[in-house]
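Here's the structure, in structure tokens; my notes come after.
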Amino acid sequence: MLPSEITGMTATANPAASAIVFVAMYVGAIGDNAPIRPSTITWMSDAVAERRKDSERRGYYTAAMKKEKDVISFCDAIGVQRGPIWYANNSREPVRDESIDALINNGAVLNIRTHLSTNSPLARYTLAPDFAALLVPEMTGSALHEAIAKWQKTHLTPTGRRRAQLRRDPALNDESVHVHLPGAGIRTLHPGPSSVILKGVAEQFSTHLKQPNVLFISQPGEKVNLIDGHALESMGITVNKSALLPDCLMADLAPDHDEVWFIEAVFSGGVITNERKESLLAWAASQGLSPERCRFLSAFESRTHPEAKKALPMLADGTFAWFNDEPEHLLIWDSINLD
């Protein structure tokens, strides 16, 4: 239905894509009904998938909307040895950022709650009804082939993909966050607290740089904005979309500063740790950026926010922390050097 030869990406025709579609059908996540989240897929197992009674399918969905321990309790209640889960818990982001996004971009999956922030744990994904109709067991033979061909002609075309893209455009959402980039117009970001933090970084923190320029801001389903991509290319910087890049990359273009800031908006994870800093430095070196010119900033909502209290002990050496509600202050975490 979604061959890589047509979509141009393997993420629409790999085991993860199949798992997403199966789990959505298993729990009835179609149209506006029973939306799922990445953990609904990663917590599934072969043993659970074989239990097909309506009550069992509803039971799995109810448990998976809570915590993994509830899925374990559900399995115990129906007498199932759960066995290995399909994906490790740390696979949730790749499942979301690669296969789910690819399915959305090709019209097979819907995000029915576009107002939710990227970091929200709430479920939001369902199968598009016309795609789910292709999976009805009674649909076989020539009737199935004709239906698939018709669906592909509607969705797997440039105009079909544009329709899918517009459905997730943050500019169409009343709760979107509008950011005034320094000297570069307005960018519309998806709703949510992380976007509010990025707005503060772009509009307030940037004023402390001599000649600030936002190189890119990462958004779900769009690791690098098309305009940002052109700007990076003009600098000789190439971005692998599978790379784990920061939420924002900002430069101070003043010749006497000439710095590049790697910025993470930390609302529910993502602080720049020593390990994260090293991986970003490795990427910077591969792009010809001098490590001495790289700066690292973890941006928070507030010093009093629970995520800040949890994250500060993990800050990497030689990095900075900035707080949206105290924009004129900067926390520096580094080794003492009184010379």
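Numbering-wise (UniProt numbering), the sequence shown opens with residue 1 and increments by one. We put the CB at the ideal spot given by N, CA and C, even for glycine. These numbers come from a predicted model, not from an experiment.
Which residues in the same chain have their Cβ closer than 7 Å to the Cβ of residue i, if we skip the five residues on either side of it in sequence?
{"i": "HIS178", "result": "ILE186, THR188"}
{"i": "THR12", "result": "LEU2, SER4, ALA102, LEU103, ASN106"}
{"i": "GLY160", "result": "GLY107, THR154"}
{"i": "ASP317", "result": "ASN274, TRP333, ASP334, SER335"}
{"i": "PRO129", "result": "ILE30, GLY31"}
{"i": "ALA231", "result": "LEU215"}
{"i": "ASP76", "result": "none"}
For residue i and residue j, what's the separation of their Cα atoms in angstroms?
{"i": "CYS294", "j": "SER279", "result": "12 Å"}
{"i": "PRO182", "j": "LYS199", "result": "11 Å"}
{"i": "GLU98", "j": "ALA108", "result": "14 Å"}
{"i": "ARG113", "j": "LEU253", "result": "38 Å"}
{"i": "TYR61", "j": "ASP70", "result": "10 Å"}
{"i": "SER91", "j": "ILE100", "result": "12 Å"}
{"i": "ALA284", "j": "THR42", "result": "32 Å"}
{"i": "ALA282", "j": "PRO291", "result": "9 Å"}
{"i": "residue 340", "j": "LEU330", "result": "Not covered by the structure: residue 340. The range shown for the chain is 1 to 339."}
{"i": "residue 344", "j": "SER45", "result": "Residue 344 falls outside the range modelled here, since the chain spans only 1 to 339, and no answer is possible."}
{"i": "ASN111", "j": "TYR125", "result": "5 Å"}
{"i": "SER18", "j": "MET25", "result": "11 Å"}
{"i": "TRP151", "j": "PRO137", "result": "17 Å"}
{"i": "GLU259", "j": "MET250", "result": "8 Å"}
{"i": "residue 342", "j": "PRO212", "result": "Residue coverage of the chain in this structure runs from 1 to 339, which leaves residue 342 outside it and unanswerable."}
{"i": "GLN219", "j": "TRP322", "result": "21 Å"}
{"i": "SER206", "j": "LEU297", "result": "12 Å"}
{"i": "LEU338", "j": "HIS208", "result": "25 Å"}
{"i": "MET139", "j": "ILE78", "result": "31 Å"}
{"i": "GLN204", "j": "ILE263", "result": "14 Å"}
{"i": "GLY59", "j": "ASP32", "result": "19 Å"}
{"i": "ALA34", "j": "LYS66", "result": "14 Å"}
{"i": "GLU175", "j": "LYS53", "result": "40 Å"}
{"i": "VAL23", "j": "LYS277", "result": "36 Å"}
{"i": "GLU307", "j": "GLU68", "result": "22 Å"}
{"i": "ASN14", "j": "ARG96", "result": "14 Å"}
{"i": "ARG51", "j": "GLU233", "result": "51 Å"}
{"i": "PRO313", "j": "ALA149", "result": "55 Å"}
{"i": "LYS309", "j": "GLY141", "result": "59 Å"}
{"i": "ALA47", "j": "HIS305", "result": "41 Å"}
Would you kindly check if the distance between the Cβ of residue j and the Cβ of residue i is under 9 Å?
{"i": "LEU134", "j": "MET9", "result": "no"}
{"i": "ASN274", "j": "PHE300", "result": "no"}
{"i": "LEU245", "j": "ILE272", "result": "no"}
{"i": "THR57", "j": "VAL21", "result": "Here the sequence assigns Arg to residue 57, which means Thr is not the residue at that position. Cβ atoms of ARG57 and VAL21: not closer than 9 Å."}
{"i": "ILE30", "j": "LEU127", "result": "yes"}
{"i": "GLU326", "j": "ARG303", "result": "yes"}
{"i": "LEU289", "j": "ILE217", "result": "no"}
{"i": "ALA202", "j": "HIS180", "result": "yes"}
Nearest by alpha-carbon distance to residue i: which of the options is it?
{"i": "GLY269", "options": "LEU181, ASP32, THR114, ALA311", "result": "ALA311"}
{"i": "TRP261", "options": "TRP86, ILE6, GLN152, CYS248", "result": "CYS248"}
{"i": "GLY83", "options": "PHE296, ILE72, PRO327, LEU122", "result": "ILE72"}
{"i": "VAL239", "options": "ALA251, ASN337, LEU215", "result": "LEU215"}
{"i": "MET235", "options": "GLN287, PHE205, PRO129, GLU203", "result": "GLN287"}
{"i": "ALA49", "options": "ILE85, THR140, ASN33", "result": "ILE85"}
{"i": "SER55", "options": "PHE74, ILE217, SER39", "result": "PHE74"}
{"i": "SER39", "options": "LEU289, THR319, ALA16, PRO129", "result": "ALA16"}
{"i": "ILE6", "options": "ARG276, GLU307, VAL23, THR157", "result": "THR157"}
Please list, in chain order, all residues of the same chain as residue i whose beta carbon is under 6 Å from its beta carbon, the five residues on each side excluded.
{"i": "HIS257", "result": "LYS210"}
{"i": "ARG37", "result": "ALA123"}
{"i": "SER195", "result": "VAL177, LEU189"}
{"i": "ALA132", "result": "ILE30"}
Excluding the five sequence neighbours on either side, which residues of its own chain have a C-beta within less than 8 Å of the C-beta of residue i, listed in chain order?
{"i": "ILE197", "result": "ALA265, VAL266, PHE267, ALA299, PHE300, GLU301, ASN324"}
{"i": "ALA88", "result": "THR42"}
{"i": "PHE320", "result": "ARG295, PHE296, LEU297, SER298, LEU330, LEU331, ILE332, TRP333"}
{"i": "ALA184", "result": "ASN213, VAL214"}
Please report whether the beta-carbon of residue i lies at a distance below 9 Å from any beta-carbon of chain C.
{"i": "CYS75", "result": "Absent here is chain C; the protein component of the structure consists of one chain."}
Say the cut is 8 Å; is the CB of residue i nearer than that to a heavy atom of the ligand ZN?
{"i": "MET25", "result": "The ligand ZN is absent from the structure shown, which contains no ligands of any kind."}
Point to revise | Complete alpha helix (DSSP H) runs within the segment 230-305 (minimum length 4 residues, chain order) | key: Uninterrupted alpha helix (DSSP H) stretches at least 4 residues long and entirely within the segment 230-305 occur at 274-286, given in chain order.
Practice item. Write down every uninterrupted run of the beta strand (DSSP E) in the segment 194-224 whose length is 3 residues or greater and which is fully enclosed by it, in chain order. Key: Within the segment 194-224, the complete beta strand (DSSP E) runs of at least 3 residues are 212-217.
Practice item. Please list the segments of the alpha helix (DSSP H) lying wholly inside the UniProt domain "BsuBI/PstI restriction endonuclease HTH" (62-157), counting only runs of 4 or more residues, in order along the chain. Key: With a minimum length of 4 residues, the continuous alpha helix (DSSP H) runs that stay inside the UniProt domain "BsuBI/PstI restriction endonuclease HTH" (62-157) are 68-77, 101-105, 129-132, 141-155.
Review point. What are the uninterrupted segments assigned as alpha helix (DSSP H) that are 4 or more residues long and contained completely in the segment 37-64, given in chain order?
Key: Runs found: 38-42, 46-49, 54-64.
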